[in-house]
Amino acid sequence: MFLIKKLVATFAMPLPMTLLLLLLAALLAIMGWRRGARGLAGGAMLLLLLASWAPVADALLGPLESLHPPLLDARSLPGVSHIVVLGSGYHADPDLPITSQLGDSAVIRLVEGVRLWRQVPQARLVLSGGNIFERESVARGYSRLANALGVDALSMDLLEMPIDTAEEAYAVLDLAGADARIVLVTSASHMDRARRHFERVGLEVTPAPTRHKSLRENRSRFDYWVPSASHLRKTERAIYEYLGRASLWLDHRG
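So for the sequence shown, my numbering puts the first residue at 7; every next one is plus one.
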């Protein structure tokens, strides 16, 4: 199921979809249907243009990122027992610093988790994430960076088997128990879907979203209004999350 979801999400992204539409347009042109080919090609280019334009990207991503406010101070919460950092990208390479081995989202999530843990050091820092495509888990990569930032190994719990958010929720339930007081750290766009997964397994969490990508944009800058790859990535992130929310029920059929 994991690979099927990844495959569907990959081909639903604007760039692969644009290329597919251009391919179909080329086939129509070869078959002599030139008017249809021109319309399809124009539609493909319009799709890519809009997906790369900040107002469209932020209109899609902004509502997801604004669903939960940031957690600035975990000391305001009573009895925090676990701070859970959800997995992201990681490629182990001993020739690179750990900050380069972890993906951008992973570094930001981990740093936010460590920041909150320092406010409530009696809590367990739970680092989550398996890795079916690499020899070492995301959780292991997280632990290397956390250790470099001064977190003792005895304060950390590693969940190295989960490969998606649903599996992470079940793994945290098994580790912490249903009565745990959990602070959940993940990207702002992913937070609401992650919260729903944890609620499905019977856990209540306090959201601690990070890596806000749309809410911090400076709309007065000229380059904000120019289509770019960075805005395209925001659109891709939003589409991925909307697809994930639509398929959430598939991960909790039991």
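The beta carbon of each residue, even a glycine, is placed where N, CA and C say it ideally should be.
- Task: Please name the residue, chosen from Asp257, Leu164, Thr171 and Thr241, that lies closest to alanine 65 on a Cα-to-Cα basis.
- Result: By 1-based counting over the sequence shown, the position of residue 65 is 59. Alanine 65 has its Cα closest to that of Thr241, out of Asp257, Leu164, Thr171 and Thr241.
- Task: Ignore the nearest five residues each way along the sequence and tell me which others in glycine 208's own chain have a CB closer than 8 angstroms to its CB.
- Result: The residue given as residue 208 occupies position 202 in the sequence shown. Same-chain partners within the cutoff: Leu179 and Ala184.
- Item | Cβ separation of proline 20 and leucine 238, assumed to be a contact under 8 angstroms, to the nearest whole Å | In the sequence shown, counting from the first residue as 1, residue 20 sits at position 14. In the sequence shown, counting from the first residue as 1, residue 238 sits at position 232. About 6 angstroms separates the two Cβ atoms, so the contact holds.
- Message: Only counting the same chain, and skipping five residues up and downstream in sequence, which positions put a Cβ closer than 7 angstroms to that of histidine 258?
- Response: Mapped onto the sequence shown, residue 258 falls at position 252. The answer, listed in chain order, is Ala172 and Arg206.
- Where alanine 112 and leucine 34 are concerned, what is the direct C-alpha to C-alpha distance, given to the nearest angstrom? Taking the sequence shown and counting its residues from 1, the one referred to as residue 112 is at position 106. Taking the sequence shown and counting its residues from 1, the one referred to as residue 34 is at position 28. The C-alpha of leucine 34 is placed about 43 angstroms away from the C-alpha of alanine 112.
- Using only alpha-carbon positions, find the residue among Glu247, Tyr246, Arg199 and Arg225 that is nearest to tryptophan 59. As a working mapping, residue 59 is identified with position 53 in the sequence shown. For the options Glu247, Tyr246, Arg199 and Arg225, the alpha carbon positioned closest to that of tryptophan 59 is the one of Arg225.
- First through last residue of the alpha helix (DSSP H) which encompasses serine 149: Working through the sequence shown from its first residue, we reach residue 149 at position 143. Its alpha helix (DSSP H) spans residues 144-154.
- Task: Please state whether DSSP places leucine 27 in a helix, a strand or coil.
- Result: Here residue 27 is taken as the residue at index 21 of the sequence shown, counted from 1. Three-state result, leucine 27: helix.
- Query: Of the residues Arg251, Tyr246, Leu254 and Leu256, which one's Cα is nearest the Cα of leucine 13?
  - Reply: In the sequence shown, counting from the first residue as 1, residue 13 sits at position 7. With distances taken between Cα atoms, leucine 13 lies closest to Tyr246.
- Message: Just verifying my parser: in three-state terms, what is the DSSP assignment at aspartate 198?
- Response: Within the sequence shown, residue 198 is the residue found at index 192, counting from 1. When secondary structure is reduced to three states using DSSP, aspartate 198 falls in the helix class.
- Task: Classify methionine 37 as buried or exposed, calling it buried when 16 or more other Cβ atoms lie within 10 Å of its own Cβ.
- Result: In the sequence shown, counting from the first residue as 1, residue 37 sits at position 31. The residue in question, methionine 37, is exposed, as its Cβ has fewer than 16 Cβ neighbours within 10 Å.
- Chain-order list of residues whose beta-carbon lies under 7 angstroms from that of alanine 271 (same chain, five-residue window excluded): With the chain covering 7 to 260 only, the question about residue 271 has no answer from this structure.
- Check each candidate in Pro168, Arg217, Trp123 and Ile104 and name the one with the smallest Cα separation from arginine 243. Taking the first residue of the sequence shown as position 1, residue 243 is located at position 237. Distances from the CA of arginine 243 to each of Pro168, Arg217, Trp123 and Ile104 were compared; the closest alpha carbon is that of Arg217.
- Message: Checking the sheet assignment: what are the DSSP bridge partners for arginine 130?
- Response: Position 124 of the sequence shown, counting from 1, holds the residue named residue 130. For arginine 130, which the question treats as bridged, DSSP gives the partners His88.
- In whole angstroms, what is the alpha-carbon distance linking leucine 54 and proline 84? The residue given as residue 54 occupies position 48 in the sequence shown. The residue given as residue 84 occupies position 78 in the sequence shown. Between the alpha carbons of leucine 54 and proline 84 lies a distance of about 47 angstroms.
- Message: So within the region 165-211, which uninterrupted beta strand (DSSP E) runs reach at least 3 residues, ignoring any that extend past its ends?
- Response: Under the rule that a run must span 3 or more residues, the beta strand (DSSP E) segments found entirely inside the region 165-211 read 188-193.
- Within its chain, find whatever has a CB closer than 6 angstroms to the CB of alanine 175; leave out the 5 residues flanking it on each side and keep chain order. As a working note, residue 175 is residue 169 in the sequence shown. Same-chain partners within the cutoff: His203, Phe204 and Val207.
- Query: How long is the line joining the alpha carbons of isoleucine 104 and histidine 97, rounded to whole angstroms?
  - Reply: Translated into positions along the sequence shown, residue 104 becomes position 98. Translated into positions along the sequence shown, residue 97 becomes position 91. The C-alpha of isoleucine 104 lies about 9 angstroms from the C-alpha of histidine 97.
- Message: Just to confirm before moving on: does the CB-CB distance between leucine 249 and alanine 15 stay below 7 angstroms?
- Response: For the purposes of this step, residue 249 is taken as the residue at position 243 of the sequence shown. For the purposes of this step, residue 15 is taken as the residue at position 9 of the sequence shown. Cβ atoms of leucine 249 and alanine 15: closer than 7 angstroms.
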